[in-house]
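S.K.: Take a look at this one; I'll ask things after.
Numbering (our numbering), first residue to last: 1463 to 1748.
So, in structure tokens, the structure goes:
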């Protein structure tokens, strides 16, 4: 797997961390899910490079980017992305967004349609129900306190129903990068619970479905067949909601990926996205 180069840039008064896989073709910006970091795109970034230049970002409040007390909500995240791309000399780009990152991408593609050439929405891009959002809040508790050791942390993650069944090297490497190692051997999750709560508070002020008609670029909505954990326990978007999302986007199309859930869609040793996502960009970025 081609290793990406990790760097940081000062934009909008904060430091943003990103990982880049070099390429001769057009630029693709990858935006992680709600509490995730840039490492979730390690497999996909390597697969798309060197045909494309791929950059995966840590949004503010996540990963190795700064965690300011204020400045959350989709408008701030989009402002960060635009500032970073300008600084790096990127005039136009495509997006791969996962979950929350897909919704950031939807907002960006709708308000700056001349900049976004194509977009892949991985299980995101629209407003989930309040029930789904409120179910996320208790899961942020694990971000607030350190774990006694890396082994204890990994064991706790392995016990999570959405991780354990598909545990592999990609997932473990991602989780190891998701924490700070403290002097006493304990580990502390990198994402800011305070910042993430503020993003949740602002989520419904945007009404993403109203932005779909303004998305002029080709869009691929990807749905994981196993839903949040498995097919029995439901999806972020129902079948009817998924069909509506694809219909509302002017150049929308749909792809279903079997054998993965919302999380293991990306965190998967088998990289089921590489082929179809590369084909989508090859068809639309000529």
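Even for Gly, the Cβ is constructed at its ideal location relative to N, Cα and C. Values in this document were obtained by computation on a predicted structure and should not be read as measured data.
(1) So, for residue 1712: in the same chain, excluding its five sequence neighbours on each side, which residues have a beta-carbon less than 7 Å away from its beta-carbon?
(2) Grab me the residues of residue 1592's own chain with a C-beta within less than 8 Å of its C-beta, minus the 5 sequence neighbours each way, in chain order.
(3) Where residue 1618 and residue 1589 are concerned, what is the direct C-alpha to C-alpha distance, given to the nearest angstrom?
(4) My understanding is that residue 1644 touches residue 1610, with C-beta atoms under 8 Å, so please give their C-beta distance in whole angstroms.
(5) State buried or exposed for residue 1680, treating a residue as buried only when at least 16 other CB atoms are found within 10 Å of its CB.
(6) With a Cβ-Cβ cutoff of 8 Å, do residue 1525 and residue 1660 count as a contact?
(7) Consult DSSP for residue 1584 and reduce its assignment to one of helix, strand or coil.
(8) Are the segment 1568-1578 and the segment 1505-1523 touching by the rule of at least three beta carbon pairs closer than 8 Å?
(9) Output the distance between the C-alpha atoms of residue 1534 and residue 1664, rounded to the nearest integer angstrom.
(10) Take the Cβ of residue 1523 as the centre, count every other Cβ of all protein chains shown within 10 Å, and call the residue buried at 16 or more, exposed below.
(11) Output yes or no for whether 8 Å exceeds the beta carbon distance between residue 1540 and residue 1698.
(12) Going by beta carbon distance, what residues of the same chain come within less than 7 Å of residue 1485, once the five residues before and after it are set aside?
(13) Under DSSP, the beta strand (DSSP E) around residue 1573 begins and ends at which residues?
(14) Taking all protein chains shown into account, decide if residue 1729 is buried (16 or more other Cβ within 10 angstroms of its Cβ) or exposed.
(15) Please state if the CB of residue 1658 and the CB of residue 1602 are separated by a distance shorter than 8 Å.
(16) For a quick check, are the C-beta atoms of residue 1558 and residue 1492 less than 8 Å apart?
(17) What span of residues does the alpha helix (DSSP H) with residue 1612 cover, start to end?
(18) Would you tell me roughly how many angstroms separate the C-alpha atoms of residue 1621 and residue 1500, rounded to the nearest one?
(19) Have a look at the DSSP bridge pairing and note the partners of residue 1661.
(20) Could you have a look at residue 1710 and say whether DSSP puts it in helix, strand or coil?
(21) What does residue 1609 pair with, by DSSP beta-bridge criteria?
(22) Of the residues 1476, 1564, 1487, which one's Cα is nearest the Cα of residue 1555?
(23) Should residue 1745 be labelled buried (16 or more other beta-carbon atoms within 10 Å of its own) or exposed?
(24) Got a sec: does the ligand ADP put a non-hydrogen atom nearer than 7 Å to the Cβ of residue 1544?
(25) Could you tell me the distance, in whole angstroms, from the CA atom of residue 1627 to the CA atom of residue 1739?
(26) Sort 1709, 1472, 1642, 1518 by Cα distance to residue 1483 and report the nearest one.
(27) Who pairs with residue 1470 in a beta bridge, going by DSSP?
M.R.: According to the structure shown:
(1) Here residue 1712 refers to the residue found at position 250 of the chain shown. Counting only Cβ-Cβ distances below 7 Å, and skipping sequence neighbours, we find 1675, 1677, 1678.
(2) In the chain shown, counting from the first residue as 1, residue 1592 sits at position 130. The residues are 1666.
(3) Within the chain shown, numbered from 1, the residue matching residue 1618 stands at position 156. Within the chain shown, numbered from 1, the residue matching residue 1589 stands at position 127. Between the alpha carbons of residue 1618 and residue 1589 lies a gap of roughly 29 Å.
(4) In the chain shown, the residue the question calls residue 1644 occupies position 182. In the chain shown, the residue the question calls residue 1610 occupies position 148. About 10 Å separates the two Cβ atoms, so there is no contact after all.
(5) In the chain shown, the residue the question calls residue 1680 occupies position 218. That one is buried.
(6) By 1-based counting over the chain shown, the position of residue 1525 is 63. By 1-based counting over the chain shown, the position of residue 1660 is 198. Not closer than 8 Å, so no.
(7) Locating residue 1584 in the chain shown gives position 122, counting from the first residue. Strand, per DSSP.
(8) no
(9) What you label residue 1534 is simply residue 72 of the chain shown in a count that begins at 1. What you label residue 1664 is simply residue 202 of the chain shown in a count that begins at 1. Cα-Cα distance, rounded: 8 Å.
(10) Numbered from its first residue, the chain shown carries residue 1523 at position 61. The residue in question, residue 1523, is buried, as its Cβ has 16 or more Cβ neighbours within 10 Å.
(11) Walking along the chain shown from the start, residue 1540 turns up at place 78. Walking along the chain shown from the start, residue 1698 turns up at place 236. Cβ distance not < 8 Å, so residue 1540 and residue 1698 don't count as in contact.
(12) For the purposes of this step, residue 1485 is taken as the residue at position 23 of the chain shown. Cβ within range, chain order: 1511, 1512, 1513, 1514, 1515, 1516.
(13) Here the question's residue 1573 lines up with position 111 in the chain shown. From DSSP, residue 1573 is part of no beta strand (DSSP E) but of the alpha helix (DSSP H) over 1562-1573.
(14) For this step, residue 1729 is matched to residue 267 along the chain shown. Buried.
(15) In the chain shown, counting from the first residue as 1, residue 1602 sits at position 140. In the chain shown, counting from the first residue as 1, residue 1658 sits at position 196. Closer than 8 Å, so yes.
(16) Numbered from its first residue, the chain shown carries residue 1558 at position 96. Numbered from its first residue, the chain shown carries residue 1492 at position 30. Their beta carbons are under 8 Å apart, which means residue 1558 touches residue 1492 by this criterion.
(17) Looking up residue 1612 in the chain shown gives position 150. From DSSP, the alpha helix (DSSP H) with residue 1612 extends over 1612-1620.
(18) Here the question's residue 1621 lines up with position 159 in the chain shown. Here the question's residue 1500 lines up with position 38 in the chain shown. Using only the alpha carbons, I get a separation of about 23 Å.
(19) One-based indexing of the chain shown puts residue 1661 at position 199. Paired residues: none, contrary to the question.
(20) The count along the chain shown starts at 1 and reaches residue 1710 at position 248. Residue state, collapsed to three classes: helix.
(21) In the chain shown, the residue the question calls residue 1609 occupies position 147. In the DSSP output, where bridge partners are listed per residue, residue 1609 has 1649.
(22) Taking the first residue of the chain shown as 1, we reach residue 1555 at position 93. Among 1476, 1564, 1487, the Cα nearest to that of residue 1555 is on 1487.
(23) Reading the chain shown from its first residue, position 283 is the one you call residue 1745. Exposed, since its Cβ has fewer than 16 Cβ neighbours within 10 Å.
(24) Because no ligand of any kind appears in the structure shown, any question about the ligand ADP cannot be addressed here.
(25) Walking along the chain shown from the start, residue 1627 turns up at place 165. Walking along the chain shown from the start, residue 1739 turns up at place 277. Those two C-alpha atoms are separated by around 24 Å.
(26) As a working mapping, residue 1483 is identified with position 21 in the chain shown. Among 1709, 1472, 1642, 1518, the Cα nearest to that of residue 1483 is on 1518.
(27) Against the chain shown, residue 1470 aligns to sequence position 8. Answer is 1479.
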